[in-house]
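Data block below; observations after.
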Amino acid sequence: MSNIVKIYQPTKSAMQSGRILSKKWYLTFSNDESLQRDGLMGWNGSSDTSSQVRLSFSSKEDAINYVKEKGLEFRVIEPKKRKVQSKSYAGNFEYKPVSS
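If you're matching positions, the sequence shown starts at 1 in this note's numbering and goes up one per residue.
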């Protein structure tokens with residue numbers, strides 16, 4: 001099992017407009033073992049099942065406290081701040097010359 005874990009807050013899914021899932025903090029284990037390819041099916045796999053584990057926490061501090069209790073090394077990836085551009089509905093109908 002890998003001792004280095006990553007704590008991060010995921011970005012908003014491009015498939016949906018909601019941001020509710022991006023408010024949680026997730027903890028994942030890094031995969032130290034290389035993947036082996038199955039000759040028959042062509043699937044990739046490894047015997048390290050800890051890379052399949054993803055724990056969720058309501059805050060970054062909860063995730064850090066959990067990792068410290070378990071004695072694991074960790075790194076925190078801070079989320080990038082979202083830039084909100086205010087737009088008005090009338091902006092859809094403004095005249096914009098087409099450059100050629």
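Ideal Cβ positions, reconstructed from N, Cα and C, are used throughout, including at glycine.
Nearest candidate by alpha-carbon position, reference residue 27, set 34, 73, 84: Locating residue 27 in the sequence shown gives position 27, where the first residue counts as 1. Measuring from the Cα of residue 27, the nearest candidate turns out to be 73.
Runs of beta strand (DSSP E) wholly within the region 10 to 78 (minimum 3 residues, chain order): 25 to 29, 54 to 57, 73 to 77
Simplified DSSP state of residue 8, which is helix, strand or coil: Working through the sequence shown from its first residue, we reach residue 8 at position 8. It is a strand residue.
Short Cβ contact (7 Å threshold) for residue 24 with residue 75: In the sequence shown, residue 24 corresponds to position 24, counting from 1. In the sequence shown, residue 75 corresponds to position 75, counting from 1. It is not a contact, given that the beta carbons lie outside the stated cut-off.
Residue 95 - DSSP class collapsed to helix/strand/coil: For the purposes of this step, residue 95 is taken as residue 95 along the sequence shown, with counting starting at 1. For residue 95, the secondary structure class from DSSP, reduced to helix, strand or coil, is coil.
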